[in-house]
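The next block holds one structure in the form of structure tokens; read it before the comments.
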Amino acid sequence: MLAAMAMIFRDAPAPCVALMANSDNLGPHDGSLLGERFLNELLLHPGRAVVLTMGNLNHDVDPTGKLPAYHAFDPGPAEREARFTLEFGDWKHADAAEVWFRPAPGGAMPRVEARIADETRQFAIAGPGGKPQAEAQVLIGPQDMRRLPGLAVTALLQTVQDRTCLRLVFKPPTEGASARCTWTIVVPAVGPVHGWLDRNNSGSVRWAEGAEAGANRTTLGSPAVAARVLSVGAVTGTGGAVVPWPRSGRGPTRDGLHPKPELVACGTDRRGAIACPWPRLKRLPEGEAPDTDYGPLDSEGTSYAAPQVAGACARLFERFGPEARWASWADLRQILVERARRDPSMPPPETGGWDPACGYGRLDVAALAEAGRRAVDPWIRKAAADDGTEPFVARAFWDSPALVPLDAGDRALDAAAVALGAPVARLRVGIGNRGTRPATDLVVSLHWAPLGTLYPLPAADGAAPAWMPSGPWSTEGLGAPQALASVPPDPEDATEATAAVTFDYVPPRNADGTVRAHMLLARVTGGDAPAGAAEPLCARNNAAALAVAAALPEAVPPAFEIRGSDDTDGVALWLEGCGGRARLCLEGLPVSALPWRRTGMYRPMAPARPRHGDGGIDPATLPEEDTVLVGAADIAARTDVEQALRLELRGGLVCLEGGTELFLPRLRLVPGEALALRVRVLDRDARKGGGIGLLHLSGGRRVGGGMIRLLPAPDGSRSGGTA
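FYI, in my numbering the residues of the sequence shown are 1 to 723.
This is the structure in structure tokens:
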């Protein structure tokens, strides 16, 4: 199924939404399963969305102890022996249970106690030397129990990073024998402990001890815990009040890092179709319809809620128009979540307006068509097409018409002219207000960073995030922040900013005195203006950027620079204009920043290949790795780089040649590490102007980028060389 999804995404000629309506109870529930990681990898590409169901195996607190209970929980957090009990009724199918925990200090191992009929047995779960074992341990073999012939139970204890899983697999006795038994699992642990049970016996196997604490929380299925997918729960409107459907899986994830579900949709009283099997359909006489066993069906569940969200994603892609191929999973999530509806009958929200049953609220299709207006909404236009709607969906979001360089006579200057040395004195920043009442007590500030760097945004207190040793932003040469007492609401037909402030502006310089290519960032804070350094620039409308970079035909274009982020980094490069034969060339890229695959390069027990910025010896930089690859398929197989036509590796540096676009979805960067990207244009027609664009992605989110303006030759001469 996942391979088919990858193929569909790869071959789709337009933005694509994938819906997967299945789930499983077992697994770590933290997004680390290979399938969950695979889904996340698919979403490193913009123009894609994956919608999953939360599953239908939630259980409520049950005083009778008879209803199905698939999740057990011991919150901890102190060091102790956590105890869970499994009760088996008249079960007929093989089943499995997992207990996930952090082992307590001291190395004590889990144990299991079985009560079968009038017999009690205890088993110590330990591998060689008292450590977790690599192979399953048989607790009861099919010949060990006279009372329950055929019963077999195996255990496997595995440790992955800082978490341990005790997995028990149960094979039922031979048919006709009473299968009732009870199993108590004891794990020495510190912190929360979770137990999950598979669903093979429809409730005749259930958690007993631990089930009450496990009710209505972390009952979501895998792979709905994957970080970048949209996970959807179900609500019901019976009686007029919108409430969680009782069996809809609940969040959060086991590690608590991902708020799942994101949202819910109606999952009851849904009418679908049951298809007639093709072999039967072929045997029907001509003109005869299938019998009534195959037709409309009223059903319920998260499998009927998730398709509504998938359809909403497709509708959003359609609304984005030509820019839809650059809309990310994060853009779709932001729109769906921020325009979801919270009904009064829903559970009260926890931190950030989210709750484990309904997420951020119910899908509101009507709200997707038109963004609502906040009471106060100061904003700065990011590009000519920006109307202040959040997020701003476009490949380029750093060409703000609201940031205007001025000369000493207050005449407007083009950013390309400033980049080439035109005298500039000030920068004017236009601010609007999309709200319904005046925005008061605002502060407007300016920063600059190297060309292409827009993430993370500067924090209000000037501190860099923990994963970045030092931030890329500077205020040198820029005027101090300025206060705005009040900005009135924008008129309905406004085309210009409602207010403006002017700053001193001295562009940064290179060692030779030329203007350094850079990004200008203006931000308005204070009042009710939202501001978050962890959010990308395109997510919020209270900040805008302008790329100040240009090159003449005979000059080498300046380099872009990005910083490694706290997620998987990627870049997209493209050409605008430059003539029909123009091609991209990315040169001097350290191979340590690229995936590099060759059979035999890696050996058992060899150290992990360092990322760019880690230091150490990268086997891909050794002389024997020097190579030339030709053809997009071979290059992508070795490096994941897409649309490249030629790759040359010499001395640890890579040169990539392509057409008018290159896509590098996976760069191997240490967080905070700077990476220079030097791009030339081959076979450029110097009579034509154009540009080189770069988009920086972090975990598939659009977080940064910039544009180098390529000016035409002043005498109109044609050049077949490079720029």
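All C-beta atoms in this analysis are idealised placements derived from N, C-alpha and C, irrespective of residue type, glycine included.
Cβ shell of residue i (< 7 Å), same chain only, five flanking positions each side left out
i: residue 671; result: 467, 468, 564, 565 and 566
i: residue 116; result: 145, 147, 148 and 181
i: residue 739; result: This structure cannot settle anything about residue 739, because the visible part of the chain is limited to 1 through 723.
DSSP-derived helix/strand/coil call for residue i
i: residue 485; result: strand
i: residue 9; result: helix
i: residue 318; result: helix
i: residue 467; result: coil
i: residue 333; result: helix
i: residue 504; result: strand
i: residue 720; result: Note that residue 720 scores 48 on pLDDT, short of 50, meaning its location in the model is unreliable and no value can be drawn from it.
i: residue 644; result: strand
i: residue 570; result: strand
i: residue 307; result: helix
i: residue 609; result: coil
i: residue 556; result: coil
i: residue 266; result: strand
i: residue 630; result: strand
Straight-line Cα distance separating residue j from residue i
i: residue 56; j: residue 24; result: 10 Å
i: residue 441; j: residue 481; result: 13 Å
i: residue 660; j: residue 569; result: 21 Å
i: residue 642; j: residue 713; result: 32 Å
i: residue 305; j: residue 358; result: 12 Å
i: residue 227; j: residue 258; result: 6 Å
i: residue 720; j: residue 580; result: Its pLDDT being 48, under 50, residue 720 is placed unreliably by the model, and the measurement read from it follows with that caveat. Between residue 720 and residue 580, the C-alpha separation is close to 11 Å.
i: residue 449; j: residue 253; result: 36 Å
i: residue 368; j: residue 340; result: 9 Å
i: residue 123; j: residue 631; result: 59 Å
i: residue 512; j: residue 675; result: 22 Å
i: residue 615; j: residue 472; result: 21 Å
i: residue 37; j: residue 386; result: 34 Å
i: residue 494; j: residue 401; result: 14 Å
i: residue 680; j: residue 587; result: 8 Å
i: residue 555; j: residue 478; result: 28 Å
i: residue 202; j: residue 246; result: 16 Å
i: residue 373; j: residue 434; result: 7 Å
i: residue 43; j: residue 179; result: 46 Å
i: residue 62; j: residue 140; result: 31 Å
i: residue 323; j: residue 346; result: 36 Å
i: residue 625; j: residue 81; result: 53 Å
i: residue 443; j: residue 363; result: 35 Å
i: residue 72; j: residue 90; result: 21 Å
i: residue 321; j: residue 500; result: 31 Å
i: residue 698; j: residue 240; result: 42 Å
i: residue 453; j: residue 663; result: 18 Å
i: residue 536; j: residue 315; result: 23 Å
Beta-ladder partner(s) of residue i, from DSSP
i: residue 221; result: For residue 221, which the question treats as bridged, DSSP gives no partner whatsoever.
i: residue 413; result: Paired residues: none, contrary to the question.
i: residue 584; result: 681
i: residue 565; result: According to DSSP, which records beta bridges pairwise, residue 565 is partnered with nothing at all.
i: residue 137; result: 155
i: residue 122; result: 113
i: residue 378; result: 433
i: residue 707; result: 693
i: residue 185; result: 84 and 112
i: residue 95; result: 170
i: residue 803; result: Since the first residue of the chain shown is 1 and the last is 723, residue 803 is not available in this structure.
Beta-carbon contacts of residue i that lie in its chain and below 8 Å, excluding the five residues immediately before and after
i: residue 421; result: 514 and 515
i: residue 437; result: 375, 376 and 489
i: residue 474; result: 447, 448, 449 and 508
i: residue 470; result: 464 and 672
Close Cβ partners of residue i (< 6 Å) along its chain, the five nearest in sequence each way excluded
i: residue 549; result: 419, 451, 517, 558 and 708
i: residue 94; result: 171
i: residue 635; result: 629, 641, 644 and 647
i: residue 205; result: 88, 91 and 95
i: residue 389; result: 371
i: residue 415; result: 546 and 548
CB-CB length for residue i against residue j, believed under 8 Å
i: residue 383; j: residue 396; result: 7 Å
i: residue 225; j: residue 355; result: That belief does not hold up - the Cβ atoms of residue 225 and residue 355 are roughly 17 Å apart, past 8 Å.
i: residue 380; j: residue 524; result: 6 Å
i: residue 221; j: residue 249; result: 6 Å
i: residue 99; j: residue 169; result: So it is not a contact: roughly 13 Å between Cβ atoms.
The ligand FMN heavy atom lying under 8 Å from the CB of residue i
i: residue 86; result: Among the components modelled here there is no ligand, and therefore nothing to report on the ligand FMN.
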